[in-house]
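Residue numbers (my numbering): 12 to 161.
Report on the structure given below.
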């Protein structure tokens, strides 16, 4: 069982606005965004490639939907926690550790940089990092609860 991680403070309205705006811009290139997430993830976690089907079309659609749900849920810790619980439950069989979750976060950030270029400002990147830094401890906490009940 992983140790509980402290959950950082809520995002500011400015951070939330930066996330919403950058995600809206990235949605115009969602196929590129989704494809780049997995390129970066498999570069960081080569062994993870075997966990996915050869055709990643469904998985790419899932990551875009998950990011959209995170963006919509930023204003509500309860919604983020519900999302984290669902993610932990659906990924329980993979026994993901914090490092794998952090690698996914790094892959998401790198994909936004690839997709938006200079439009993914340092401020937008920091806002996304803050959001992901809040979300990962929620996922770890949900994993811990699920593993405790078997």
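Note that the Cβ used here is the ideal one computed from N, Cα and C, for glycine as well.
Note that the structure is a prediction, hence the values are computed from the model and not measured.
Item: Which of the three DSSP states is assigned to residue 148 in this structure?; Value: helix
Item: If you measure from the CB of residue 48, is any heavy atom of the ligand MG nearer than 7 Å?; Value: This structure simply doesn't include the ligand MG, nor any ligand for that matter.
Item: Helix or strand or just coil, what does DSSP make of residue 23?; Value: coil
Item: Residue 20 to residue 157, Cα distance in whole Å?; Value: 24 Å
Item: What ranges does the alpha helix (DSSP H) occupy inside the segment 17 to 101, keeping only unbroken runs of at least 4 residues that lie completely in it?; Value: 24 to 38, 41 to 55 and 68 to 84
Item: Between 119, 148, 69 and 131, which has its C-alpha nearest residue 54's C-alpha?; Value: 119
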